[in-house]
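J.: In our numbering, the protein residues as written are 4 to 156. Where a beta carbon is used, it is the ideal one built from N, C-alpha and C, also for glycine.
1. Based on Cα-Cα distance, which residue from 112, 16, 44 lies nearest to residue 22?
2. From which residue to which residue does the alpha helix (DSSP H) around residue 149 run?
3. Roughly how many angstroms separate the alpha carbons of residue 26 and residue 50, rounded to a whole number?
4. Check this for me: beta carbons of residue 104 and residue 138, under 8 Å apart or not?
5. Can residue 66 and residue 155 be called in contact, C-beta distance under 8 Å?
6. Is there contact between the stretch 119-132 and the stretch 83-99, where contact requires at least three CB pairs shorter than 8 Å?
7. Whole angstroms are fine: how far does the CA of residue 119 sit from the CA of residue 100?
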């Protein structure tokens with residue numbers, strides 16, 4: 004068993020991707036004092052969205068949960084490139100946005116994909132405050148987007 008967040012990711016069969024380049028005028032993450040604010044992360048891999056569309060109409064809740072996990076993995080990559088995952092003290096706040104079809108109310112279950120990853124990687128320090136919000140549209144027709152605030156040492 005390997006210690007630290009990189010070891011936990013390896014145990015989960017995951018590795019950090021390259022930081023997703025911004026799709027507009029912002030940076031992936033910024034540090035202010037003891038906090039890192041991660042810009043909204045889409046479910047991107049190798050420069051492409053893994054899915055498009057609305058959750059509850061074309062994108063299943065289970066698929067969207069996996070996409071939320073990818074958003075969280077992309078957020079971890081942004082954090083690691085800025086300050087190093089080993090310096091994360093606490094995942095403070097997670098905000099998840101779900102492009103929802105009319106009548107879809109399973110946003111909390113979708114965003115659990117991100118929350119569960121943070122818990123698996125950081126243990127108790129991965130427990131966080133959270134919002135899971137249904138929205139009409141997300142950038143590039145993404146089904147889910149995740150932003151994170153973390154405390155660092």
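T.: In short:
1. 44
2. For residue 149, there is no enclosing alpha helix (DSSP H); the residue is found in the beta strand (DSSP E) stretching over 147-155.
3. 10 Å
4. no
5. no
6. yes
7. 16 Å
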